[in-house]
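One point on numbering: in my numbering, the residue at position 44 of the sequence shown is 45, and numbering is uninterrupted.
Cβ coordinates follow ideal geometry from the N, Cα and C atoms, glycine included.
Predicted model only: the values in this text are computed from it and were never measured.
Okay, so here's the structure we're looking at.
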Amino acid sequence: YSEYQLTISDAGTPFFGPHDWGRIRRTDMAKPKRIGHLVINVKDVDASTKFYTEVLGFEISLERPGFGTFLTCGSIHHDLALFQAPEGAAEVTDGGLGLNHMAIQVEDYAELTDYYNKLQQYFEKSELRTTDHSMTKSIYIKDPDGNGIELFCNSQDTAKDGLAEMRNPDRTNKELVFD
């Protein structure tokens, strides 16, 4: 690890590099606030825009013909952008390098149930994977290009409770069944 400087933590313990990052106190480093937006390259901007607006409910904040569409959940300038991929771009593959899925939070379980019912108009039941992660309840689908999407709601009242549940060694995932 010659590219890393030997540093002494506040506790007086040396750490050398990435293998020791778990020993760095959180206050010792910059911390991101949140993920600001996601940009995905798509085969057909019009088809993808239709999917994200009509099926998932995003609003168009800006369309740039020949380039892409910027979408919002309604609160900020854009949450998701769809850019036209170059002709001949590689297809999205399950388990390939890159993005596994994006997670889109919905207000609550009632809203997630509404999505589940609506999505049955666009997907076969076998294409809708549902999971109760115990800290969240989720529906997994694919967009027209095969990008993974998780629609989820939190199951805990606070972020602190959700994090504690995520870290619970006895936590297990199970199928989420909608009534």
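Give the DSSP-derived three-state secondary structure of N118 in the structure shown.
-> The count along the sequence shown starts at 1 and reaches residue 118 at position 117. Reduced to three states, the DSSP call for N118 is helix.
**Prompt:** Do the segment 100–110 and the segment 145–153 meet, that is, are 3 or more Cβ pairs less than 8 Å apart?
**Reply:** Contact holds: three or more Cβ-Cβ distances are below 8 Å.
Segments of 3+ residues assigned as beta strand (DSSP E) that fall wholly inside the segment 31–85:
Assignment of beta strand (DSSP E) within the segment 31–85, counting only whole runs of 3 or more residues, yields 39–43, 60–65, 69–73, 81–85 in chain order.
Quiz prompt | Endpoints, alpha helix (DSSP H) assigned at E88 | solution = For this step, residue 88 is matched to residue 87 along the sequence shown. The continuous stretches of alpha helix (DSSP H) do not include E88, and DSSP gives it neither H nor E.
Item to complete: Would you list the one or two residues that DSSP bridges to N155?
Response: Along the sequence shown, read from residue 1 onward, the residue named residue 155 stands at position 154. The bridge partners DSSP lists for N155 are T137.
Should H79 and L57 be called a contact, given that it needs their Cβ atoms to be closer than 9 Å?
Numbered from 1 along the sequence shown, position 78 holds the residue referred to as residue 79. Numbered from 1 along the sequence shown, position 56 holds the residue referred to as residue 57. L57 is positioned such that its CB atom lies no closer than 9 Å to that of H79.
F179 and T114 look like a contact to me (Cβ under 8 Å); what is the Cβ gap, rounded to whole Å?
Here residue 179 refers to the residue found at position 178 of the sequence shown. Here residue 114 refers to the residue found at position 113 of the sequence shown. Correct: roughly 6 Å between the Cβ atoms.
Do the CB positions of Q122 and L129 come within less than 9 Å of each other? The sequence position of residue 122 within the sequence shown is 121, counting from 1. The sequence position of residue 129 within the sequence shown is 128, counting from 1. At a Cβ-Cβ threshold of 9 Å, Q122 and L129 do not count as neighbours.
Does DSSP put E166 in a helix, in a strand, or in coil?
-> The residue given as residue 166 occupies position 165 in the sequence shown. Note: E166 maps to helix in three-state DSSP.
For S127, count neighbouring Cβ atoms within 10 angstroms of its own Cβ and tell me buried if that reaches 16, exposed if not. The residue labelled residue 127 in the question sits at position 126 within the sequence shown. Burial call: exposed.
- Near N174, what residues of its chain come up, given a Cβ to Cβ distance below 8 Å and the 5 sequence neighbours on each side ignored? In the sequence shown, counting from the first residue as 1, residue 174 sits at position 173. In chain order, T132, D133, H134, S135 place their CB closer than 8 Å to the CB of N174, counting only its own chain and leaving out the 5 sequence neighbours on each side.
Going by the CB atoms, is the gap between A90 and I41 shorter than 9 Å?
Position 40 of the sequence shown holds residue 41. Position 89 of the sequence shown holds residue 90. Taking C-beta atoms as the reference points, I41 and A90 fail to come closer than 9 Å.
Give every residue of the same chain whose Cβ lies closer than 8 Å to the Cβ of E166, excluding the five residues on either side of it in the sequence, and list them in chain order. Here residue 166 refers to the residue found at position 165 of the sequence shown. Exclusion of the five residues before and after E166 leaves S135, M136, S156, Q157, R172 as the residues of its chain whose Cβ lies within less than 8 Å of its Cβ.
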